[in-house]
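J.: The structure under discussion is supplied below as structure tokens; questions concerning it will follow.
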Amino acid sequence: MLKGFVFDLDGVITDTARFHYQAWSKIAQDDMGITINPSVNEQLKGVSRMDSLNVILKFGQRENDFTEAEKEALATKKNDYYVQLISNMTPADILPGIQAFLDQLKAEGYQMSLASASKNAPRILNGLQLTNYFDQIVDPASLHAGKPDPEIFAKGATLLGLKPTEAVGLEDAFAGIQSINGAGEFSVGIGDPAILNEADLNFTSTAEISLDQIKTAFATWAAKQ
């Protein structure tokens, strides 16, 4: 029986990629003398802060010009600027169709949790005015491994008191789909089905999400578990 939903944040509820790009662009230009472009930004998506910094330094051929302490300071400065940018987020930054979907889930009594690797997730939810929709938020600091490890989605269900077979996970990244599947939950991919080909159900965009379609596909999936 379907009882709850475990959400990824970035790319599912909102899109903070542009804020990461703005922050990295500023720090790269001001502090490293490096001008990054969208192709570099693509390499930063889903990558840790320090790994992102190393990608930029390699691109600018400056990977050996900074000490570890200096790199830590640069990464912290980037995050401080990023936090300033996301502090200006409003409900207008919610991705198409998500507000209505969350309203429907709440009206029908489904539990919801957030499974984001972002330590800024609570701040972002607050800006979007969506905090009250989520019964639980997984604390990234409590995790031992990142996606595609199933830990984060498994914990998202556990915090709701649900068995894996009672939960649906929503993701826009291949590693996230692997995480959901590894946790034994029904996976909903949002994005290119050719990339998210391991999802149990796929929608090409958030605007297409349908609770009825999820229920139908989930019932078929659950009968096989």
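FYI, the numbering for the sequence shown is 1 to 225, going by our numbering. By construction, the Cβ of each residue, glycine as well, lies at the ideal position given by its N, Cα and C atoms. Bear in mind the structure is a predicted one, so any value in this text is a computation, not a measurement.
(1) Which of the three DSSP states, helix, strand or coil, is assigned to Leu125?
(2) Can you give me the Cβ contacts of Leu85 inside the same chain, cut-off strictly under 8 Å, excluding the 5 residues immediately before and after it?
(3) Between Ser113 and Ile152, which are expected to be in contact by the criterion C-beta below 8 Å, what is the C-beta distance as a whole number of angstroms?
(4) Counting only runs of 4+ residues fully inside the stretch 3 to 32, write out the alpha helix (DSSP H) ranges in chain order.
(5) Tell me which residue opens and which closes the alpha helix (DSSP H) that Gly47 is part of.
(6) Would you mind reading off the limits of the beta strand (DSSP E) that contains Ser113?
(7) How would you write the range of the alpha helix (DSSP H) that Glu68 sits in, first residue to last?
(8) On the DSSP bridge assignment, give the partners of Gly169 in chain order.
(9) Excluding five sequence neighbours on each side, which residues of the same chain lie with their C-beta closer than 6 Å to the C-beta of Pro140?
(10) Kindly confirm or deny that the stretch 57 to 68 and the stretch 81 to 97 touch, where touching means at least three C-beta pairs closer than 8 Å.
(11) In the structure shown, what three-state DSSP assignment does Asn132 receive?
(12) Counting along the chain, where does the alpha helix (DSSP H) carrying Asn41 start and finish?
(13) Which residue from Gln99, Gln225, Tyr82 puts its Cα closest to that of Thr165?
(14) Work out the CA separation of Leu57 and Lys71 for me, nearest whole Å.
(15) Quick check: Arg49 and Lys26, are their CB atoms within less than 8 Å of each other?
(16) How about Thr206 and Ile190: are their beta carbons less than 8 Å apart?
(17) For Pro122, which residues of its own chain have a beta-carbon under 8 Å away from its beta-carbon, when the five flanking residues on both sides are left out?
(18) Can you have a look at Glu185 and say buried or exposed, based on whether 16 or more other CB atoms are within 10 angstroms of its CB?
T.: Taking the geometry as given:
(1) helix
(2) Phe19, Gln22, Ala23
(3) Actually they do not touch by this definition, with Cβ atoms about 10 Å apart.
(4) 17 to 27
(5) According to the sequence as given, residue 47 is Val; it is not Gly. Val47 -> no alpha helix (DSSP H), and no H or E assigned at all.
(6) 111 to 114
(7) 68 to 86
(8) Val6, Ser187
(9) Ala117, Lys119
(10) no
(11) helix
(12) 38 to 42
(13) Gln225
(14) 10 Å
(15) no
(16) yes
(17) Thr131, Ile137
(18) buried
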